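Asker: Pasting a structure here, questions to come.
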Amino acid sequence: MPRRVVKPHATDAGWLAQAGTTCVVCGASEPGEAHTDTESVSVGVLDRLEAIYAETIRRVAAGEE
């Protein structure tokens with residue numbers, strides 16, 4: 242399973258979670274580059290994110306938490 246980290250950012254997930262909606266926020270970024278002038282994403286990061294999305298979809302479709 243991929244390592245999970247918490248990073249500061251802006252999203253509507255906080256508001257949705259307060260309203261009772263389960264939220265997951267994830268995306269591709271290189272460490273320290275998200276939302277900067279030098280932002281980039283390697284193919285390796287995209288490959289890992291695709292695997293995370295696929296596993297998440299599989300679990301949701303199977304009714305797992």
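Residue numbers (the working numbering): 242 to 306.
By construction, the Cβ of each residue, glycine as well, lies at the ideal position given by its N, Cα and C atoms.
Since we're looking at a predicted model, the values are computed, not measured.
1. If L287 sits next to A303, beta carbons under 8 Å apart, how far is it from one beta carbon to the other, in whole angstroms?
2. Do you know offhand how far T277's Cα is from A251's?
3. Are A372 and C264 touching if we call contact CB-CB under 7 Å?
4. So the alpha helix (DSSP H) R289 belongs to, where does it begin and stop?
Answerer: To lay it out plainly:
1. As a working note, residue 287 is residue 46 in the sequence shown. As a working note, residue 303 is residue 62 in the sequence shown. That pair is no contact at about 25 Å.
2. Within the sequence shown, residue 277 is the residue found at index 36, counting from 1. Within the sequence shown, residue 251 is the residue found at index 10, counting from 1. Cα to Cα, T277 sits roughly 14 Å from A251.
3. Residue 372 is absent from the structure shown; the chain starts at 242 and stops at 306.
4. Mapped onto the sequence shown, residue 289 falls at position 48. Per DSSP, R289 belongs to the alpha helix (DSSP H) from V284 to A302.
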